[in-house]
Amino acid sequence: MATTPNYAQFVSTAKDQVEKSTSQFLKGFESLNALTKQNLDAFVKSSSILAKGFEDISKSTVAYTQNTLESGAAAGKQALAVKTIRDLVDLQSSYAKKSFDSAIAESTKVSELSVKVANEAFQPISAQINATLGKLTKPLAA
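Here's what the structure looks like:
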């Protein structure tokens with residue numbers, strides 16, 4: 175009969191340990207689930223920023239292309255109205271310089287916008303990485 179209380183104590187202790195382990199497992203699972211949701215939210219926010227940035231870059235490129243075509247058409251009309259070869263050469267030289275300067279300015283603008291968009295889009299992901307690392311290192315510090 176002396177073994178019965180030990181058996182009952184063993185069962186009780188085992189039950190407590192299983193409940194404790196299950197509770198810890200569920201808390202860990204809930205934390206992992208919350209972390210996954212936060213990661214997904216950061217990814218969605220980042221993707222939205224990228225999409226908006228690509229839209230802005232596309233609009234800028236379309237506007238530049240339209241201005242270039244209009245400028246080319248205007249230069250063509252002016253070329254048809256020149257009186258001398260010298261005037262045509264001067265017009266062509268002026269148009270080429272203006273086109274080159276415009277292309278450099280647009281390229282710089284698009285490059286700057288691209289860097290800005292990339293930095294803004296990385297912010298939600300960077301913040302989530304830092305938050306996750308903070309959560310992971312917190313138990314190690316304790």
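Numbering (this note's numbering), first residue to last: 175 to 316.
Virtual Cβ for every residue (Gly too), placed ideally from N, Cα, C.
Alpha-carbon spacing of residue i relative to residue j, whole angstroms
| i | j | result |
| --- | --- | --- |
| Lys-233 | Lys-309 | 41 Å |
| Ala-292 | Pro-298 | 11 Å |
| Ser-300 | Glu-280 | 30 Å |
| Gln-212 | Pro-179 | 49 Å |
| Ser-273 | Ser-220 | 35 Å |
| Asn-241 | Phe-296 | 32 Å |
| Leu-209 | Thr-306 | 8 Å |
| Val-337 | Ala-225 | As displayed, the chain neither begins before 175 nor continues past 316, which places residue 337 out of reach and without an answer. |
| Lys-194 | Gly-202 | 12 Å |
| Lys-189 | Leu-206 | 25 Å |
| Phe-217 | Ser-245 | 41 Å |
| Gln-191 | Glu-204 | 20 Å |
| Ser-186 | Gln-302 | 42 Å |
| Tyr-238 | Asn-304 | 39 Å |
| Ala-255 | Tyr-269 | 15 Å |
| Lys-271 | Glu-229 | 29 Å |
Where residue i sits in the DSSP three-state scheme
| i | result |
| --- | --- |
| Lys-290 | helix |
| Val-192 | helix |
| Thr-258 | coil |
Beta-carbon gap between residue i and residue j smaller than 8 Å
| i | j | result |
| --- | --- | --- |
| Val-284 | Ile-231 | yes |
| Ala-253 | Leu-265 | yes |
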